[in-house]
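Read through the structure below, which is laid out as structure tokens, and then see the notes.
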Amino acid sequence: MQNMRHYVLMAVLVVVVAALTYLGLNALGLMPVAAAAQASPIDWLFDLQVKLIAFFFALIMVPMFYSLVLFRRKKGDSTDGEHIEGHTGLEVTWTVMPLVIVIALGLIGADNLAKVRAPAAQVEEIKVVGFQWSWRFEYPQGFVSNTLYLPVNRQALLLMESADVLHSFWVPEFRVKQDLMPGRITEYRITPTLIGDYKVRCAEICGASHAYMESPIKVVSQEEYDTWVKEQTALAEAEAIAALANPDPKRGEKLYNESGCKACHSLDGSKGIGPSWLGLYGSQVALADGSSVLGDDAYITESIRNPNAKVHLGFPQNAMPNFSYLKDGQIADLIAFIKTLTK
Amino acid sequence: MKQASSGSFSRAMLFLLVGTALGTALGVLAHVLTSGEFQTAFLTDVPSWMLGFLLGTLGFFYGLIGYTGIVRGLVFQVLGTLGGAAFVTLIRALLGMELFNTGTFGFTEPAWVFGGLAGAIAFMAGVGALTDWWKYALGEPVHDHHPEEATLKDYFGVSLDHKVIGIQYTATSLLMLSVGGLFALIFRLELAQAGLDVISLNLYNTLMSLHGMVMIVSILLGIAGVINYLVPLLIGAKDMAFPRMNAFSYWISIPAAVLLLSSLGFGGFDTGWTGYPPLSTRAPLGMQMFYLGVWVAGWSSILGALNLIVTVLRMRARGMNAFRMPIFVWAAIATSIISLTATQMIGLAFQLAMFQRLLGMPFFDVAKGGNPILFQHLFWFYSHPVVYVFILPGLGVISELLPVFARKPLFGYRWIALSSIGIALVGFLVWAHHMFTSGMNEYLRVPFMYSTLLVAIPTGVKFFSWVATLWKGKIETPTPMLFILGGIVVFLLGGLSGPPNATVSTDLHLHDTYFIVGHFHDTMFGGYIFPFFAALYYWFPKATGKRLNETLGKWHFWLMTPSFLVLTLFMMRVGLLGMRRRIADYDPALNFDWWQFAMTISAYLIATAVLIFFYNVYKTLKSPQTETGNVWNSRSPEWQVASPMPAHNYDREFEVVGEPYDYGLAGSTYVKM
Chain A
21 MQNMRHYVLM
31 AVLVVVVAAL
41 TYLGLNALGL
51 MPVAAAAQAS
61 PIDWLFDLQV
71 KLIAFFFALI
81 MVPMFYSLVL
91 FRRKKGDSTD
101 GEHIEGHTGL
111 EVTWTVMPLV
121 IVIALGLIGA
131 DNLAKVRAPA
141 AQVEEIKVVG
151 FQWSWRFEYP
161 QGFVSNTLYL
171 PVNRQALLLM
181 ESADVLHSFW
191 VPEFRVKQDL
201 MPGRITEYRI
211 TPTLIGDYKV
221 RCAEICGASH
231 AYMESPIKVV
241 SQEEYDTWVK
251 EQTALAEAEA
261 IAALANPDPK
271 RGEKLYNESG
281 CKACHSLDGS
291 KGIGPSWLGL
301 YGSQVALADG
311 SSVLGDDAYI
321 TESIRNPNAK
331 VHLGFPQNAM
341 PNFSYLKDGQ
351 IADLIAFIKT
361 LTK
Chain B
672 MKQASSGSFS
682 RAMLFLLVGT
692 ALGTALGVLA
702 HVLTSGEFQT
712 AFLTDVPSWM
722 LGFLLGTLGF
732 FYGLIGYTGI
742 VRGLVFQVLG
752 TLGGAAFVTL
762 IRALLGMELF
772 NTGTFGFTEP
782 AWVFGGLAGA
792 IAFMAGVGAL
802 TDWWKYALGE
812 PVHDHHPEEA
822 TLKDYFGVSL
832 DHKVIGIQYT
842 ATSLLMLSVG
852 GLFALIFRLE
862 LAQAGLDVIS
872 LNLYNTLMSL
882 HGMVMIVSIL
892 LGIAGVINYL
902 VPLLIGAKDM
912 AFPRMNAFSY
922 WISIPAAVLL
932 LSSLGFGGFD
942 TGWTGYPPLS
952 TRAPLGMQMF
962 YLGVWVAGWS
972 SILGALNLIV
982 TVLRMRARGM
992 NAFRMPIFVW
1002 AAIATSIISL
1012 TATQMIGLAF
1022 QLAMFQRLLG
1032 MPFFDVAKGG
1042 NPILFQHLFW
1052 FYSHPVVYVF
1062 ILPGLGVISE
1072 LLPVFARKPL
1082 FGYRWIALSS
1092 IGIALVGFLV
1102 WAHHMFTSGM
1112 NEYLRVPFMY
1122 STLLVAIPTG
1132 VKFFSWVATL
1142 WKGKIETPTP
1152 MLFILGGIVV
1162 FLLGGLSGPP
1172 NATVSTDLHL
1182 HDTYFIVGHF
1192 HDTMFGGYIF
1202 PFFAALYYWF
1212 PKATGKRLNE
1222 TLGKWHFWLM
1232 TPSFLVLTLF
1242 MMRVGLLGMR
1252 RRIADYDPAL
1262 NFDWWQFAMT
1272 ISAYLIATAV
1282 LIFFYNVYKT
1292 LKSPQTETGN
1302 VWNSRSPEWQ
1312 VASPMPAHNY
1322 DREFEVVGEP
1332 YDYGLAGSTY
1342 VKM
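Each protein sequence line maps, in turn, to chains A and B.
Count along the first sequence starting at 1, add 20, and that's the number in this note's numbering.
Count along the second sequence starting at 1, add 671, and that's the number in this note's numbering.
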């Protein structure tokens, strides 16, 4: 009878503590705003997990603190507690009950993952390149951007690759995260649902400035997106034509900063992962095979298009990713920039 | 434990100061000579500090014990390193290769790495851990017996007594805990507000990376300490099965720790403790020292585990069948199974990465057909199970002490015992849950989700059984019990924050954020730090014959626990909202400043609590009061004899005649002395 009172009281307390824990956590607001369709199943499953956490937290903590309060040793009492060695029924119960929950959670989790990964029939395909320490977004229309523009309510399929080390594409408001590797394409499917400004933040440590590897994301309406794409395409074409006719070191410097060149090639003569660009133009470049070559337009163009054709002495083969996506005009801009880097 | 005479201690402090000043000055001088400029911001000249730290430490030990033991070992290590590096440089000279490189502190990278390995071996020779084997080889006699009472020098040199080795391990662990904690305090200061204010990006990355591995080594040493000291006492053995290998396992961890910390002086590294390529193939020379340090430390784990398993299998007292072993022994066995069989994998992963850098073998280089994901598989095949290495002994301590302070039998002894083995075995099947976002085969993610969730079951059995042990007990709460209860609460938070990382889709959000950081700090503190402190408070009288001060112990507990809860719960909070792992600075637009500031304050409060503990140890050792009896009124065999434990443990073998935890059963005893 005495025991029954304990059990009923504890059961009530478990319910109360579990409910308060869950409601309290919910009131706090655990997740950032959800800005993608993929966030809904994830948030739903996370909420289920929070419910389970609240319940099991109460289920362990209530009897523990209940015992600590009620079964404290009284002053002067030197006897031992009741000799209870165990209870097989109870042990089986608290083995089987979690097992059932775990299997259910596994089924739910697998289904949930399928929802997050579900492909749409029509997708906006964009190439994403991560490099130390920024992001580059290459649109199929033939232009490159440092801001990722996405149309709202339309699934984007990001085909991602790293130019150097591992990175991870994470937008907290989209929930989903996916690593980038050199030499392999990884996929990231996302359907933005909320117009606004976000940031992609690199979530896999990638060297000194890992903390600052963030780029803006703009989720815009379909009309705005189409206009932007049209503008950028026209701009890129105009630039390419202008660059061929009239290479500009300013544009070249911008490319140097934004395409990832600067991660490996210094401008001050110091040795990086690749050779410095200082004084490169017009110099005799010593090659790994013992010969040398004049640092002219032809050599630089070849080294950008096909880095392994002539390897600089003292630097490994295969160190440089392929930059063949750069247009003739852009390479001309880069060469114009390199020409300005005299000792 | 005998006190150091105050004369040698003050001399040691003097030598510490002189050595530090000399080393730092030498470092600055070398810097001026090689670069031609005086490092004005000399606080950031880390290599000079490290040289100062090395010479200071040497000076301290020299002042304390003279040229013997660890001092001789460290001198040998320095000479061995330089000798090894010179040897490789000589070979390079014969081959016509580059001999010196200012970018890598004089010698070339291969020379330093080989030197590091040679230095570690030289340390072992210098300290005397190889002497007996050498004598065996020469056919000379060796002494099996250790002296009746260990003197100060015995603690700083090779001893074969498992109790001395246990204390050596524990003290080294506390030292490493302080070093790792200090690193955390430095970068926690940096994180107190947005912006990069205190240290450079590179130093931040190095300290953050080293914090992880230094703490891991500290934990491995700590559990080795507790296991070494306790298990022979609990099973009634005179010593471990292989005393020389036991000493070797301990001493190899010292050059390993030196190598690990030396990475700070060799340019640092920026990969986090995981050391993933390709980043690690581009990191400074410090990366290699980190890899090598961990590789050497692995020997300590593997050999220690082998020794423990043999000891338990072969040397138990009469009547002690498997289900009459103290529950801690079950935990020690479970943990040793993992250490013995998984440590090789991290050694292999790091060795392959070292070879890639040194010899150009492209194991993880995509351009040449390698695969960076392979490294992650090898790495996590050890590094996930190893978290169970950390927590199983801690959970064993909880199970061991709860019956003593609840005055009741351990509820469901067999279930708890087998749950340890269950956790150890399931732990081998879950590693790829660290790689859900890595780009590994997508379909692998679901089976790893299931196996990961399965860990909840044996862990749950422990929690429920602990609560049932408390039920209807007569509960006392002296300091060790407070740490046990704190450990249960904190470990519960760690355990419950686990399943959201196990289900793949939610993990896509949580992976590599501060949520994870909060989650595993809860598991490490609840599963290791709290029980470890409980064990220290509980067995301190056994080891020293003196009991730690209760008031200071309560201050320690009540300061550390709430601060720690604030720290980790806030970590989870900001992690969910977008705080990534391993960043030196965060976007001020995220509005994390207040939360981060509170976390920094909490970290410093935890440090204060640990300082109180150290003060308590110091004060207690100084005090003349002794406590030699069965302090906690325990049934366990080690408390049935005098404290400190006699040099050769039990003068007669005891016999097990009952169950270990039959508190409340009139007239029953566990052992017959």
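Backbone N, C-alpha and C fix where the C-beta goes; we use that ideal spot for every residue, glycine too.
The model shown is predicted, which means the values in this text are computed figures rather than measured ones.
Using the three-state DSSP reduction, which class does residue i fall into: helix, strand or coil?
i, result
"A712 of chain B", "Since pLDDT at A712 of chain B reaches only 49, below the 50 mark, its modelled position is unreliable, and no value is offered."
"G777 of chain B", "strand"
"C284 of chain A", "coil"
"G101 of chain A", "coil"
"V1302 of chain B", "coil"
"I1376 of chain B", "Not covered by the structure: residue 1376 of chain B. The range shown for chain B is 672 to 1344."
"G1018 of chain B", "helix"
"P171 of chain A", "strand"
"H882 of chain B", "helix"
"A1038 of chain B", "helix"
"A1095 of chain B", "helix"
"I237 of chain A", "strand"
"K1343 of chain B", "strand"
"T1086 of chain B", "For the sequence presented, residue 1086 of chain B should be read as Trp rather than Thr. In this structure, W1086 of chain B counts as helix in the three-state DSSP scheme."
Using a Cβ-Cβ distance cut-off of 9 Å, determine whether residue i contacts chain A.
i, result
"A712 of chain B", "Any reading at A712 of chain B must be qualified, since the residue scores a pLDDT of 49, below 50, and its modelled position is unreliable; the value itself is stated next. No - not a single Cβ of chain A is within 9 Å of the one on A712 of chain B."
"I1146 of chain B", "yes"
"K1290 of chain B", "no"
"N876 of chain B", "yes"
"K1293 of chain B", "no"
"D1256 of chain B", "yes"
"G938 of chain B", "no"
"G943 of chain B", "yes"
"T739 of chain B", "no"
"Y1334 of chain B", "yes"
"N873 of chain B", "yes"
"P1151 of chain B", "no"
Return the first residue and the last residue of the beta strand (DSSP E) that residue i is part of.
i, result
"Y208 of chain A", "T206 to I210"
"K219 of chain A", "G216 to C222"
"Q242 of chain A", "No beta strand (DSSP E) holds Q242 of chain A; the alpha helix (DSSP H) holding it covers Q242 to A265."
"K147 of chain A", "E144 to F151"
"K197 of chain A", "K197 to L200"
"Q864 of chain B", "Counting along the chain, Q864 of chain B falls outside any beta strand (DSSP E), and DSSP gives it neither H nor E."
"E181 of chain A", "A176 to S182"
Answer with yes or no whether the minimum CB distance from residue i to chain B is below 9 Å.
i, result
"L307 of chain A", "no"
"M366 of chain A", "The structure shown has nothing for residue 366 of chain A, since chain A only spans 21 to 363."
"K291 of chain A", "yes"
On the premise that residue j lies in contact with residue i, defined as a C-beta separation below 8 Å, what is that separation, rounded to the nearest angstrom?
i, j, result
"D803 of chain B", "R915 of chain B", "5 Å"
"L275 of chain A", "Q337 of chain A", "No, L275 of chain A and Q337 of chain A are not in contact; Cβ-Cβ is about 24 Å, not under 8 Å."
"G1335 of chain B", "G126 of chain A", "No, G1335 of chain B and G126 of chain A are not in contact; Cβ-Cβ is about 41 Å, not under 8 Å."
"V112 of chain A", "V172 of chain A", "Not confirmed; about 53 Å, so no contact."
"P1129 of chain B", "Q1027 of chain B", "Not confirmed; about 38 Å, so no contact."
"I622 of chain B", "V967 of chain B", "Since the first residue shown for chain B is 672 and the last is 1344, residue 622 of chain B is missing from the structure and cannot be characterised."
"W297 of chain A", "L287 of chain A", "6 Å"
"A55 of chain A", "E243 of chain A", "Not confirmed; about 19 Å, so no contact."
Please list the terminal residues of the continuous alpha helix (DSSP H) segment that includes residue i.
i, result
"P1074 of chain B", "P1056 to A1077"
"R1252 of chain B", "No alpha helix (DSSP H) holds R1252 of chain B; DSSP gives it neither H nor E."
Shorter than 8 Å, the distance from the beta carbon of residue i to the closest heavy atom of the ligand FMN, or not?
i, result
"A1280 of chain B", "With respect to the ligand FMN, the structure shown offers nothing to examine, as it has no ligands at all."
Got a sec: is the Cβ-Cβ distance from residue i to anything in chain C below 9 Å?
i, result
"N1301 of chain B", "Note that chain C does not occur in the displayed structure, where the protein chains are A and B."
Q: Could you list the residues in the segment 84 to 98 of chain A with a C-beta less than 7 Å from some C-beta on chain B, going in chain order?
A: M84, S87, L88, F91, R92, R93 and D97
Q | Interface positions of the segment 1108 to 1132 of chain B facing chain A (Cβ-Cβ less than 8 Å), listed along the chain | A | T1108, S1109, G1110, E1113, R1116, V1117, M1120, Y1121, L1124, L1125, A1127, I1128, G1131 and V1132
Q) Along the segment 36 to 59 of chain A, what residues have a CB closer than 7 Å to any CB found in chain B? A) L50, M51 and P52
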